[in-house]
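Working notes, structure below.
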Amino acid sequence: MSSSMAPHGACLNRRKFIRNLSLGGFAVASTTGLTPFPAVADDIELNYTFWPFGDEIIAENARLFTEQYGIKVNLQPTSGDYAAVMETKLVSGTRLDLFRAQRGQASRWFAAQWIRPIDDMPDLDKIKNEEFPGIGADALSWPDHKRIGLTYYNGGPYCMFRNEKVLASGGYDATANPSDYPQTWDDIYKQAVDLKKKGIVENPILPTWFKSWTGTPWALYAHCASEGERLVDDDMKSTFGLDTPILKVLSDWKRWWDEDLVPRAILTWQEPQMASSWMKGLHAFHYQSDYNSFAYSDPKNSDFAPYFNMNPVMPGSTHGTTLVGHALHVMSNSPRTDAELEAAFDLMKSFSWRDKNHKLRMHKAWATLANLQVPFPEVYDDPEVKQAITKWMYPPLANENYKWLFEGRQKAIAGNQLKAGWHQEWEVGTQQMIEDELLLKGTASPKDVVLATKESWETLRSKYAKQ
């Protein structure tokens, strides 16, 4: 297979890519000289590697898969630093019949030739036709447009959560009319300033700037998308600059920080600390991945649950939503017999699409367990799914919330930057500059950050993608 990261068929040297590309100090070893796995035809056993969550749902689907296909599945939950553990397995040649990869990880691992593309497998057109628009296209590699895998969940989009107790105290009441809500980030800013001035809350805005790659970078992608900023074109060239919306996004962030509209501690928190602050009712606005309603509105987690609502749209000039951290189901690029390959793809479809009885049971299970963003609109028409999700919505407007949630998910499109094999390397430097230089130290202006991150992207692109 071709895993070139360069356009127009120019190949990136694989050893050079693996030698040069590193993330967080994790060194990637050479994959040459691997011993092929022996073919197994009569007694196939598959494995599924995943990060722990909803283990009982996974175990039940594995049991049903074995019942339907007669093939055993060895479940391998992987805790800790999932990406580092998976790279160790992949570089050592471990055969992974099914495993999860965040979209940015999938790009990196596919470029290193560790993932087998599935564009030669059956049913892909059927799956694409049933998914939300853009899901299938987003699973294609760059630049060779091979399908890397099937969507486990379409992570994101972000939405704007609201604390109706705080907002009502300031005279900003919730209604069923979408036009009564903030439509732009300037609207959010004005209400935040007013709430702070009235002494209702000290830090009205809680952004997801916590200390993780799922923190500030995802907040940036979501905020940019709401303003119509796509960042990168189809050829992986940066399209952002001083004359595009990213400058307004970073200028807004700087203003919030300088005016103490956000808690200063957010840059040192992990996600649980951020969630705790929100559920204590200490803020008015919080933009976060929309599935978090299942935790935020659970009375067992907080007395704040009855006041938890969502804005009908993401504030911004376009109200665009994006898939910030969705995950794919993929298989390793290991030797397999035809029978093993067929079995592995059946397992992928069972966990990512339909089981042998043509039921979307896994996606329905995820939606009812935790409001996870599933890629098939059909699931949202299921009465049981709607009943489960609406119980996590603002009680006076539960049906409206469900409609707003679906609309945001339906139009969400992932950013092209996630398709670049160097995306994670760029992301690390961008996060550090925003947090340390723009916000904490104040040594860089929003313009400085835009110019530096654009230069960084193009430098990495020229390094990994031959012109």
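In terms of my numbering, the sequence shown opens at residue 21 and continues consecutively. Where is the CB? At the ideal position from N, CA and C, for every residue including glycine.
Item, Value
"Looking at TYR172: is its Cβ nearer than 8 Å to the Cβ of SER372?", "yes"
"Taking C-alpha atoms, which residue in ASN353, ALA418, GLY74 and GLY219 lies nearest to GLY169?", "ASN353"
"Just how far apart, CA to CA, sit MET368 and ALA359?", "14 Å"
"Give the single residue among GLY191, LEU281 and MET299 whose Cα lies nearest to the Cα of PHE181.", "MET299"
"Output the boundary residues of the beta strand (DSSP E) element that contains ASN421.", "Counting along the chain, ASN421 falls outside any beta strand (DSSP E), though it belongs to the alpha helix (DSSP H) covering 418-431."
"Quick check: THR473 and MET453, are their CB atoms within less than 8 Å of each other?", "yes"
"How big is the Cα-Cα spacing for LEU361 and LEU66?", "10 Å"
"Please say whether GLU455 and THR463 have beta carbons closer to each other than 8 Å?", "no"
"Is LYS4 near LEU281, with beta carbons less than 8 Å apart?", "Residue 4 cannot be examined here, being either before or after the span of the chain that is shown, 21 to 487."
"Please return the same chain residues whose Cβ sits closer than 7 Å to the Cβ of LEU389, not counting the five positions on each side in sequence.", "GLY74 and ILE77"
"Where do the N-terminal and C-terminal ends of the beta strand (DSSP E) with ASN391 fall, by residue?", "Element bounds for ASN391: n/a, residue is neither H nor E."
"Do TYR68 and LEU118 have their CB atoms nearer than 8 Å?", "yes"
"Under 8 Å, do ALA196 and LEU425 count as touching if we go by C-beta distance?", "no"
"Any heavy atom of the ligand MN closer than 7 Å to the CB of LYS268?", "For the structure depicted, the ligand MN is absent and the ligand set is empty, with no information on it obtainable."
"Taking all protein chains shown into account, decide if PRO265 is buried (16 or more other Cβ within 10 angstroms of its Cβ) or exposed.", "buried"
"Assuming GLY124 and GLN444 make a contact with CB atoms under 8 Å, what is their CB distance in whole Å?", "5 Å"
"Enumerate, from N- to C-terminal direction, the unbroken alpha helix (DSSP H) stretches of 4 or more residues contained entirely within the stretch 290-377.", "291-299, 313-316 and 358-372"
"In terms of DSSP beta bridges, what is ARG167 paired with?", "LEU160"
"Specify, as a first and last residue, the run of the alpha helix (DSSP H) that GLU404 falls within.", "403-410"
"Looking at GLY190: is its Cβ nearer than 8 Å to the Cβ of ASP214?", "yes"
"For the candidate residues PRO163, LYS185, MET106 and GLN88, whose alpha-carbon lies nearest to that of TYR576?", "The structure shown does not extend to residue 576, since the chain is modelled only from 21 to 487, so the question has no answer here."
"Flag this pair as touching only if the stretch 302-315 and the stretch 219-228 have three or more C-beta atom pairs under 8 Å; answer yes or no.", "yes"
"Measure the alpha-carbon distance for ASP468 versus GLU291 and round it to whole angstroms.", "28 Å"
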